[in-house]
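This report concerns only the one structure given below.
In the numbering used here, the protein residues as written are 25 to 246.
Right, here's the structure in full:
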């Protein structure tokens, strides 16, 4: 065995080890990139001054009733509905949102699916909303069908909010999973900072069972 071949033999295990460690580190960074984060008191306070995008996944649903394919947006009987428990959960979320009273841009943007529209009516019964067909549920779509929905969702998250208000979107978990590899639980409010051409920055998530502790912080601020 020549000197070059001997050196290559000695270096190969080291190179393989370094490659494995680098790959493991990259995988860990990707996995941790969108781990849910609780909002800080400072972030909750900043929401009163506007400028954020709030993405609310619809409330808990009855998984025994799947969406029909193709779905009929004008017939809620063809779609997976909110469960009775889910409606109660979102009524609770509505009370917590009312306590915090963050200013919202009008109209709010809502997926055409009945479970998203019903969630919007429960959470903000007096708020005007507009249906955005490009916020529709992506899980049953082909990659080509998903593409415009994913692009639109990213644009709505990145678009700067004018005035001292926050933009609210009511839509679906798979849409965020397709966009940023984050699948929020049903009823979760996800907070973003819109960055315009630079995209958007994930800030925090508020699942339904976290609200009571946030209300406690809010009470101390009063």
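All residues carry an ideal CB built from backbone N, CA and C; glycine is no exception.
Exercise. Looking at the structure shown, is residue 53 part of a helix, part of a strand, or coil, going by DSSP?
Worked result: Taking the chain shown and counting its residues from 1, one reaches residue 53 at position 29. Here the model assigns residue 53 a pLDDT of 36, short of 50, so the residue's position is not dependable and the matter cannot be decided.
For this session: Measuring alpha carbon to alpha carbon, tell me which of 117, 192, 201 and 208 ends up nearest residue 131.
Result: Counting from 1 along the chain shown, the entry for residue 131 is found at position 107. Among 117, 192, 201 and 208, the Cα nearest to that of residue 131 is on 192.
Problem set entry | Outcome for residue 199 when other beta-carbon atoms lying within 10 angstroms are tallied against a minimum of 16 | Taking the first residue of the chain shown as 1, we reach residue 199 at position 175. The residue is buried, with at least 16 neighbouring Cβ atoms inside 10 Å.
For this session: Provide the residue(s) that pair with residue 176 in DSSP beta bridges, ordered along the chain.
Result: Taking the chain shown and counting its residues from 1, one reaches residue 176 at position 152. Note: residue 176 sits in no beta bridge, so no partner.
Exercise. Which residues bound the beta strand (DSSP E) around residue 195?
Worked result: Your numbering for residue 195 matches position 171 in the chain shown. Unbroken beta strand (DSSP E) run through residue 195: 191-195.
Exercise. With residue 205 and residue 58 assumed to form a contact (beta carbons below 8 Å), what rounded beta-carbon distance in angstroms separates them?
Worked result: Position 181 of the chain shown, counted from the first residue, corresponds to residue 205. Position 34 of the chain shown, counted from the first residue, corresponds to residue 58. So it is a contact: roughly 6 Å between Cβ atoms.
For this session: Report buried or exposed for residue 237, applying the criterion of at least 16 other Cβ atoms within 10 angstroms of its Cβ.
Result: Stepping through the chain shown from its first residue, residue 237 is reached at position 213. Looking at its Cβ environment, which holds fewer than 16 other Cβ atoms inside 10 Å, residue 237 is exposed.
For this session: Helix, strand or coil for residue 148, going by three-state DSSP, please let me know.
Result: Numbered from its first residue, the chain shown carries residue 148 at position 124. Residue 148 falls in the coil class under three-state DSSP.
Problem set entry | Contacting residues, own chain, Cβ-Cβ under 7 Å from residue 234 (five flanking each side not counted) | Position 210 of the chain shown, counted from the first residue, corresponds to residue 234. Excluding positions up to five away in sequence, the list reads 62.
Problem set entry | Where the beta strand (DSSP E) through residue 104 begins and ends | Sequence index remark: in the chain shown, residue 104 carries index 80 (1-based). For residue 104, there is no enclosing beta strand (DSSP E), as DSSP gives it neither H nor E.
For this session: Keeping to the same chain, check which residues put their C-beta closer than 6 Å to that of residue 194; ignore five residues upstream and five downstream.
Result: Counted from its first residue, the chain shown places residue 194 at position 170. Contacts found: 80, 134, 140, 143 and 144.
Exercise. Quick one: what does DSSP say residue 75 is sitting in, helix, strand or coil?
Worked result: Position 51 of the chain shown, counted from the first residue, corresponds to residue 75. Coil at residue 75, not helix or strand.
Exercise. Helix, strand or coil for residue 218 per DSSP?
Worked result: For the purposes of this step, residue 218 is taken as residue 194 along the chain shown, with counting starting at 1. Here residue 218 sits in strand by DSSP.
Exercise. For residue 61, does the three-state DSSP call read helix, strand or coil?
Worked result: As a first step, residue 61 must be located in the chain shown, where it is residue number 37. Residue 61 falls in the coil class under three-state DSSP.
For this session: Apply the 10 Å Cβ neighbour rule to residue 103 and answer buried if 16 or more other Cβ atoms are within range, or exposed otherwise.
Result: As a working mapping, residue 103 is identified with position 79 in the chain shown. Buried is the call here.
Problem set entry | C-alpha distance - residue 231 paired with residue 209, whole-angstrom precision | To locate residue 231, count along the chain shown from 1; it is residue 207. To locate residue 209, count along the chain shown from 1; it is residue 185. Their backbone Cα atoms lie some 7 Å apart in a straight line.
For this session: Closer than 7 Å by C-beta to residue 52: which residues in its own chain qualify, once you throw out the five before and the five after it? Chain order, please.
Result: Here residue 52 refers to the residue found at position 28 of the chain shown. Residue confidence is low: residue 52 scores 33 on pLDDT, short of 50, so the model does not pin down where it sits. Its coordinate-derived value is still stated next. Contacts found: none.
Exercise. Buried or exposed: residue 108, going by 16 or more other Cβ atoms within 10 Å of its Cβ?
Worked result: For the purposes of this step, residue 108 is taken as residue 84 along the chain shown, with counting starting at 1. Residue 108 comes out exposed.
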